[in-house]
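One line per chain: the protein sequences are A and B, in this order. Quick note: our numbering has the first sequence finishing at residue 442, numbered continuously throughout. Quick note: our numbering has the second sequence finishing at residue 130, numbered continuously throughout. Glycine included, C-beta positions come from ideal geometry on N, C-alpha and C. Below is one structure, written out as structure tokens; the observations come after it.
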Amino acid sequence: SQKIEQNSEALNIQEGKTATLTCNYTNYSPAYLQWYRQDPGRGPVFLLLIRENEKEKRKERLKVTFNTTLKQSLFHITASQPADSATYLCALDMSRNRDDKIIFGKGTRLHILP
Amino acid sequence: DGGITQSPKYLFRKEGQNVTLSCEQNLNHDAMYWYRQDPGQGLRLIYYSQIVNDFQKGDIAEGYSVSREKKESFPLTVTSAQKNPTAFYLCASSIDRDSYEQYFGPGTRLTVT
């Protein structure tokens, strides 16, 4: 079955530095990969979607890379701020399994230290 | 404002009682989803619906039921058959079956004692 792995430990980053979060997957080749932000007690919020034929996608201070050979996506937040502290989830589409859903990783909790 | 609403935010029930969680969207989205989130766990799909009057089981549908009589509404019933119902429940929608970007509601935290 498909498996998604994100950094299980919380990540502590000093304010102003770049935070890098990892999403690894196995047993599947998604057509898309997405990243969401979730704050405590709230629903996730969509951030970025990257397609398999895209190596990199940017949005303001966010950058996502997608390496289909390594089966890995990296999510970067540059010039990090305390307000970036949250849990970040990656998600894969299941369209190649003829499935109309996406599956989520458990998320990585990010703390930006002032 | 467009968006997804879930009510109530917190819900308490006694074991053995069925309970229905509300999910409404005014985004004119065709597809809607219900997820369950437990501490330290990822989102697990309970049920999803691509169009009105049609829905499919997700990975953990046992003990749950849904209906999709209107495009805007996708209520979830947690039945007494669900062995561990206490959890954070999230409803989401997407434009259609080919759009994978999902918009989430604020969630309902259900506690069953």
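Distance between residue 56 of chain B and residue 101 of chain B (C-alpha atoms, nearest Å) | 13 Å
Nearest CA to the CA of residue 98 of chain B: which residue from B/71, B/21, B/23, B/31?
-> B/31
Compare the C-beta of residue 56 of chain B against all C-beta atoms of chain A and say whether one is closer than 7 Å.
-> So, not an interface residue.
Are three or more beta carbon pairs between the segment 371 to 384 of chain A and the segment 335 to 351 of chain A nearer than 8 Å?
-> no
Near residue 331 of chain A, which residues of its chain fall below 7 Å by C-beta distance, leaving aside the five closest residues on each side in sequence?
-> Same-chain partners within the cutoff: 353, 354, 355.
Among A/399, A/361, A/405, A/409, which one has its Cα closest to the Cα of residue 388 of chain A?
-> The shortest Cα separation from residue 388 of chain A among A/399, A/361, A/405, A/409 belongs to A/405.
Spatial neighbours of residue 358 of chain A in its chain, beta-carbon cut-off 6 Å, leaving aside the 5 residues before and after | 420, 421
Supposed contact pair residue 65 of chain B and residue 54 of chain B - C-beta distance, whole angstroms, cut 8 Å = Rounded, the Cβ-Cβ distance is 16 Å, inconsistent with contact.
Sequence ranges, beta strand (DSSP E) only - wholly within the segment 348 to 427 of chain A, length at least 3 = With a minimum length of 3 residues, the unbroken runs of beta strand (DSSP E) contained wholly in the segment 348 to 427 of chain A fall at 360 to 366, 373 to 379, 384 to 387, 390 to 395, 400 to 405, 414 to 421.
Chain-ordered residues of the segment 430 to 441 of chain A with a beta carbon less than 8 Å from chain B | Residues passing the 8 Å Cβ filter: 430, 431, 432, 433, 434, 435.
Below 7 Å between beta carbons: does that hold for residue 401 of chain A and residue 361 of chain A?
-> It is a contact, given that the beta carbons lie within the stated cut-off.
Quick one: does residue 372 of chain A have its CB under 7 Å from some CB of chain B?
-> yes
Enclosing beta strand (DSSP E) for residue 41 of chain B [first to last residue] = Residue 41 of chain B -> beta strand (DSSP E) spans 36 to 42.
Express the C-alpha separation of residue 383 of chain A and residue 119 of chain B in angstroms, rounding to a whole number.
-> 22 Å
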